[in-house]
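In our numbering, the protein residues as written are 4 to 191. Backbone N, C-alpha and C fix where the C-beta goes; we use that ideal spot for every residue, glycine too. Presented below is the structure to which this report refers.
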């Protein structure tokens, strides 16, 4: 009888220990997944924020813009839309993992990027050339204003994430693709 009681106690103890290990492994796995998520989101926000800074570092001259339109009423400036939103869009359901205190800023940041995309799409529509010179200049100016807003919001988000997730040692990447020798890549 004593042997059966010892065997049952041992089995129960092992089962309890197994449950604790399973909970610990589950917690560790969730923690690692959250870290990967935060790092990926941080990298994407960093990429887009740096892209906005690079775009803003070489603005189109409104005088040149006006002259080009006077020379050719069908002139449309070349603006590349290189936003990277794949990670955000793919993981929109998990975005709350970033923290409630700044989830609105994350959504706002990507919303402004979407406005920029829509404005660039509008510039490339045939109807853009039918707008008055002042209207076209206003559309370009608005694009730069949204780029500045995205840059500021992105920088604020990156600082917040760096502070909240100090243990992850998040760090901005300095990059300079597409920058001429006369320009410098923006420093974070």
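Asked	Found
Check whether residue 63 and residue 134 have beta carbons under 8 Å apart	no
Selected residue, minimal CA-CA separation from residue 49, among 162, 71, 146, 145	162
Short Cβ contact (8 Å threshold) for residue 154 with residue 56	yes
Completely contained alpha helix (DSSP H) runs for the region 72-105, where each covers 4 or more residues	89-93
Run of the alpha helix (DSSP H) containing residue 146, from where it starts to where it stops	136-167
Contact between the region 78-87 and the region 119-132 (3+ Cβ pairs under 8 Å)	yes
Simplified DSSP state of residue 63, which is helix, strand or coil	coil
Coarse secondary structure for residue 9, derived from DSSP in three states	helix
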